[in-house]
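Per my numbering: the sequence shown ends with 1382, consecutive numbering throughout. Just so you know, even glycine gets a beta-carbon here, dropped at the ideal spot from N, CA and C. These numbers were taken from a predicted model, which means no experiment stands behind them.
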Amino acid sequence: MGLNIKYLTSDRTAQGDEVYTPFYAVAPILKYVDKSKKIWCPFDENWSAFYQTFKENGYKVIRSSLEDGQDFFSYEPAAYDIIISNPPFSKKDLVLKRLDELGKPFMLLLPINSIQGNKRYDWCYKNGIEMLAFDKRIDYHTWGNFQTYTKGNHFGSAYFCRNVLPKALIVEKLEKFERPLKEKTRQERTET
Ligand SMILES: C[S@@+](CC[C@H](N)C(=O)[O-])C[C@H]1O[C@@H](n2cnc3c(N)ncnc32)[C@H](O)[C@@H]1O
């Protein structure tokens, strides 16, 4: 079996956190989110595909970001019902701990192998984790550039959920489509 070189050499630093979710990876979750609930996207600037998609489809959604001085580990909105986003992978365990503290339902996009390990097993078991997985890998937009993405990503992703899905495991066909952003990301704005 060949080595997964990209996995072994992947960037697990804060700079490596600057990968963005494509619109096609947000579209499948709409049907699982109750429209009466208020969604909080905590790692999301205005242009995020999560924030844009929920807003365009008439969901109640608020967002926050480090860029706006709202640190997920200390900031919490006054009122919300469910947390949905793609967290910084370099801080994955701290994010999971914070989700425990917050105690709300969530849908979090994570590498599918995040389920492995003794501590993660305990966390998944304790939280009754449900998973929404796909037949294809998600190719993220990388290095703050929403115009390009990693082709043939080296890891699979799934939504890890608490008190959202109707059953423990759902596997869906992922319909990939191209949809560029109307506005520039933070990095694209800085570079021009
Ligand atoms: C994997 S990216 C996903 C962002 C985006 N919402 C998306 O999916 O397109 C995670 C983001 O979280 C931000 N971040 C890192 N630490 C954070 C913190 N403590 N609080 C809020 N955001 C943080 C990173 O700067 C990065 O932009």
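Helix, strand or coil at residue 1218 according to DSSP, with G and I counted as helix: It is helical.
Distance CB(residue 1271)-CB(residue 1294) smaller than 9 Å: Going by beta carbons, residue 1271 and residue 1294 fall inside the 9 Å limit.
Burial state of residue 1325, where buried means 16 or more other Cβ atoms lie within 10 Å: Its Cβ having fewer than 16 others within 10 Å, residue 1325 is exposed.
Within 9 Å, strictly: CB atoms of residue 1377 and residue 1266: At a Cβ-Cβ threshold of 9 Å, residue 1377 and residue 1266 do not count as neighbours.
Assigned exposure category for residue 1322 - 16 Cβ within 10 Å defines buried: For residue 1322, the number of other beta carbons within 10 angstroms of its own is at least 16, and it is reported as buried.
Residue closest to residue 1302, alpha-carbon to alpha-carbon, out of 1292, 1223, 1351 and 1341: When each option's Cα is compared against that of residue 1302, the closest is 1351.
According to DSSP, residues forming a beta bridge with residue 1354: Within the DSSP secondary-structure output, residue 1354 pairs in no beta bridge.
Residue from 1331, 1242, 1348 and 1259 with nearest C-alpha to residue 1319: Residue 1348 is the option with its Cα nearest to residue 1319.
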